[in-house]
Structure formats: structure tokens, C-alpha cells
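Engineer: The sequence shown finishes on residue 482 if you use our numbering, and the numbering steps up by one all the way, no holes.
By construction, the Cβ of each residue, glycine as well, lies at the ideal position given by its N, Cα and C atoms.
Small disclaimer: the values here were computed from a predicted structure and weren't measured.
Here's a structure for you.
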Amino acid sequence: MKISVVIAVDNDREVVQCVRSVCASDPVDCEVIVVDDGSSEIDVVNLLAAHHLEARVFTLAENRGPAYARNFGVRQASGDIIFFIDADAEVYPDTLGGILAHFTGDASVDAVTIAWSDTPLVDNFFNKFKAVETNYVINEFWEKSFGSNGSAIKKQVFEAEGGFDEGFKSAHAEDFSLGLRLVAKEYNIVLDRAILMKNAYLNNFFWQGLRKYCLRAFLRAQVMQQTAHKVTTSYNSRKFKIAYALVLSTTALLAASFLGRELALLGLVVYAAFFALNLGLYRRFFTKYGIAFSLRAVPFHFIYLATVSWSGMAGLGCGMLRNLKILNN
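What follows is the structure, given as C-alpha cells:
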């Protein structure tokens with residue numbers, strides 16, 4: 154069974170390390186397909202050639218967005234299995250072999266999602282925070298999920314479902330939309346937390362990071378609204394709902410504390426429940442990076458999740474208004 158690794162590139166110089174990690178994988182029947190989505194700052198063909206890396210590179214005349222680029226890559230693929238990875242991510246030597254083992258060992262498996270390492274590729278506070286937080290969420294909260302960075306799928310299943318929705322021009326909800334469709338149709342998606350890959354996260358949270366994760370929550374909330382009542386996924390599981398409810402309630406109560414001391418006290422009580430729910434994560438911060446890091450990461454986690462949660466609520470609100478035809482698309 155052959156696996157095709159599809160990588161969409163939009164001015165990502167890190168694609169060199171990404172392709173190198175794939176080429177260094179334990180022996181498997183594999184091809185690397187790189188789709189240059191109209192990069193204006195780098196020449197992907199020459200960049201990979203300069204580092205003597207083998208890949209099939211396709212260059213789009215203009216930027217069409219990650220959904221189109223990945224769909225294009227799949228159309229060029231000769232493998233039975235498609236594995237999607239971001240250009241700034243890397244695999245471990247045994248990652249691809251572990252993925253293929255699921256498909257070869259069980260013919261009923263339609264897709265496989267793997268976990269992200271708690272050690273980031275970039276050494277700064279935000280990357281360390283996101284790596285530990287994401288790894289913890291995958292292990293404690295995720296149930297069923299499929300994404301464009303760290304998921305593999307049978308090519309015939311991907312094509313049968315129409316691939317990624319090319320109506321999404323940015324990388325925020327196109328993979329989430331496909332994942333919901335796969336879950337709704339009860340495809341067999343395996344989540345293997347023991348198979349890992351490494352990621353890089355944005356360096357500047359309050360600018361790039363804040364915008365990225367808030368926009369993602371805003372768009373995904375609208376997508377979820379259309380199908381969430383039909384399926385259970387990682388993002389509407391019971392644990393996630395409790396976490397969101399606690400952080401939203403805490404911020405609302407504290408914001409309204411000027412109306413009375415009782416609201417402030419109630420807000421602190423709700424925050425205590427939120428803290429208890431996330432105690433496992435906070436222990437991970439301490440174990441991985443020590444007390445100084447934890448003293449920054451714990452309050453930062455609440456601020457981060459509150460911002461993202463309220464962005465998601467705004468997305469749900471806009472979706473409801475559109476359904477009522479108050480807002481136009």
C-alpha cells in the first residue's frame with residue numbers, strides 16, 4: 154500500500170525541513186507531493202533542489218488557497234492513502250509507518266488522525282504553551298477528528314466526499330468542514346495518540362496568533378452550527394462543552410461584577426471549577442517547563458481560551474443571523 158504525502162506551500166521556507174523529515178522516514182512506499190500555492194517570496198522547486206530533496210513539485214499560477222492546493226495535490230497522487238501535513242511541520246521516522254499499519258491491518262479503517270508532540274519546533278513561550286496545550290487537548294478531549302495537518306485518508310474516500318471545500322480561501326475551516334462530513338457519514342476514523350508529529354506555532358500571539366485562533370474559532374463555529382446536532386466530534390464533546398461553559402461564565406460574571414460583589418464572588422467560584430477541570434494541563438506545564446513557565450502559562454491559558462471562546466460565540470451568532478436572513482452571505 155502506497156502513501157502520498159501532500160504538502161501545500163504558501164511562502165513557507167520551512168518546507169525544506171518538512172520534506173527532509175518525510176524523506177528520512179523509516180522505509181515505506183511513499184511519494185512526496187508539494188503544491189506551491191502561488192508563492193511570491195520563494196521558488197519552491199529551486200529551494201528543494203538546492204537541498205537535494207526529492208519531491209514532485211507542482212506550481213500554481215496564482216494563490217488559490219490551501220483547500221484548492223491540497224485538492225490539486227490529491228489529484229496528482231498515485232498512492233492509495235493520502236497524508237496531509239503543513240509545510241512548517243515535521244514527522245518522526247516512524248510516523249508514516251505507524252499510519253500505514255492501521256490501513257494495512259484493518260481494511261475497515263477510512264482515515265487516521267495522529268497526535269502532535271508537546272515539544273515544538275520553535276523555542277519560545279507561545280510555541281511551548283501551544284505544544285503542551287494541544288497535546289493535552291488531543292489526549293484528554295479529542296474523540297473523533299480529521300484535519301489538514303496530521304491526518305491520513307483513503308484516496309477513494311476523500312474523492313467520494315468531494316475533498317476540501319474550496320469556498321474557504323484561508324486555512325481555518327476547510328479541514329474542519331470535511332471532518333464533520335466524515336463523522337456524519339460514520340466513516341471509520343482512528344485517532345492514534347501514540348503516533349506523533351512536530352509542529353511550529355506562530356511567534357507573536359497578540360498579533361498573528363490572536364487573529365489566527367479567533368478567526369478559526371469564528372469560522373468553525375459557523376460550520377459546526379450546520380451539523381453539530383447530528384454528530385459528536387472533538388469540538389462538541391461533553392468535556393469541551395463544560396470547558397467552554399465555564400470560561401464563558403467566568404468572564405461574563407467578572408465583567409458584570411460592577412453590578413454587585415456577589416457576581417464577582419460567583420465568577421471566582423466558577424473560575425475555580427475551570428481551574429480544577431484544567432489541573433491536568435497545569436501539571437503538564439509544570440512538569441515540562443517548571444514553575445516560572447507555569448506562572449505565565451496558567452493565566453495565559455484562561456485569557457487565550459476566553460478570547461477564542463467568545464470568538465466562537467460571535468461566529469455562532471452570525472450563523473444564526475444568516476439562517477434568519479438578517480445577514481447576507
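Are the Cβ atoms of A284 and Y354 separated by less than 8 Å?
Structural biologist: yes
Engineer: In chain order, what residues of the same chain lie with their CB nearer than 7 Å to the CB of S402, ignoring the 5 residues before and after it?
Structural biologist: Short of 7 Å from the beta carbon of S402, and not among the five residues preceding or following it, lie these beta carbons of its own chain, in chain order: V423.
Engineer: Helix, strand or coil for E184 per DSSP?
Structural biologist: Correct three-state label for E184: strand.
Engineer: Put L401 into one of helix, strand or coil per three-state DSSP.
Structural biologist: Of the three classes helix, strand and coil, the one that applies to L401 here is helix, per DSSP.
Engineer: May I ask you to verify whether the stretch 262-278 touches the stretch 190-209, counting CB pairs closer than 8 Å and requiring at least 3?
Structural biologist: no
Engineer: Closer than 8 Å is the cut-off here; do at least three beta carbon pairs connect the stretch 249-257 with the stretch 308-321?
Structural biologist: no
Engineer: Using DSSP with H/G/I as helix, E/B as strand and the rest coil, what is A208?
Structural biologist: coil
Engineer: In three-state terms, what does DSSP make of S304?
Structural biologist: strand
Engineer: May I ask you to report which of helix, strand or coil DSSP gives P195?
Structural biologist: The sequence shown places Ile at residue 195, rather than the Pro named in the question. The answer is coil: DSSP assigns I195 none of H, G, I, E or B.
Engineer: Please give me, in chain order, every unbroken run of the alpha helix (DSSP H) with length at least 4 that falls completely inside the stretch 229-272.
Structural biologist: 248-258
Engineer: Cα separation between L448 and P180?
Structural biologist: 43 Å
Engineer: Who are V343's beta bridge partners in DSSP?
Structural biologist: DSSP, once it has assigned bridges, lists V265 as partnering V343.
Engineer: Can you give me the start and stop residues for the beta strand (DSSP E) that V158 sits inside?
Structural biologist: It spans 156-162 - the beta strand (DSSP E) in which V158 sits, taken as one unbroken run.
Engineer: Counting Cβ pairs closer than 8 Å, one from the stretch 157-172 and one from the stretch 189-198, do we hit at least three?
Structural biologist: Yes: the two stretches touch, three or more of their Cβ pairs being nearer than 8 Å.
Engineer: In three-state terms, what does DSSP make of L213?
Structural biologist: coil
Engineer: Of all the options A305, I291, D233, S270, which has the alpha carbon lying nearest to the alpha carbon of I160?
Structural biologist: A305
Engineer: Please report the straight-line C-alpha distance between L418 and A425, rounded to a whole angstrom.
Structural biologist: 11 Å
Engineer: If contacts are defined as beta-carbon pairs under 8 Å, then V175 and V185 qualify, I think. What distance do you get, rounded to the angstrom?
Structural biologist: 5 Å
Engineer: Could you check what DSSP says for D179 in three-state terms: helix, strand or coil?
Structural biologist: Three-state result, D179: coil.
Engineer: Is it the case that the Cβ atoms of A130 and L430 are separated by a distance below 8 Å?
Structural biologist: Here the chain covers residues 154 to 482 and nothing more, so residue 130 does not appear.
Engineer: Excluding the 5 residues flanking G443 on each side, which residues of the same chain have their C-beta closer than 7 Å to its C-beta?
Structural biologist: none
Engineer: Would E327 and S301 be called neighbours here (beta carbons separated by less than 8 Å)?
Structural biologist: yes
Engineer: How about V158 and F236: are their beta carbons less than 8 Å apart?
Structural biologist: In contact: V158 and F236 (Cβ atoms closer than 8 Å).
Engineer: Among W463, K441, I456, which has the Cα closest to the Cα of K281?
Structural biologist: Comparing Cα positions, the closest option is K441.
Engineer: Please state whether DSSP places L412 in a helix, a strand or coil.
Structural biologist: helix
Engineer: Using the Cβ count rule (16 or more neighbours within 10 Å means buried), how would you classify I342?
Structural biologist: buried
Engineer: Less than 8 Å separating the beta-carbons of A240 and V290?
Structural biologist: no
Engineer: Roughly how many angstroms separate the alpha carbons of V400 and K394, rounded to a whole number?
Structural biologist: Taking the straight line from one Cα to the other gives about 10 Å.
Engineer: Rounded to a whole number of angstroms, what is the C-alpha to C-alpha distance between K259 and V265?
Structural biologist: Per the sequence shown, residue 259 should be read as Asp rather than Lys. Approximately 12 Å, taken between the alpha carbons.
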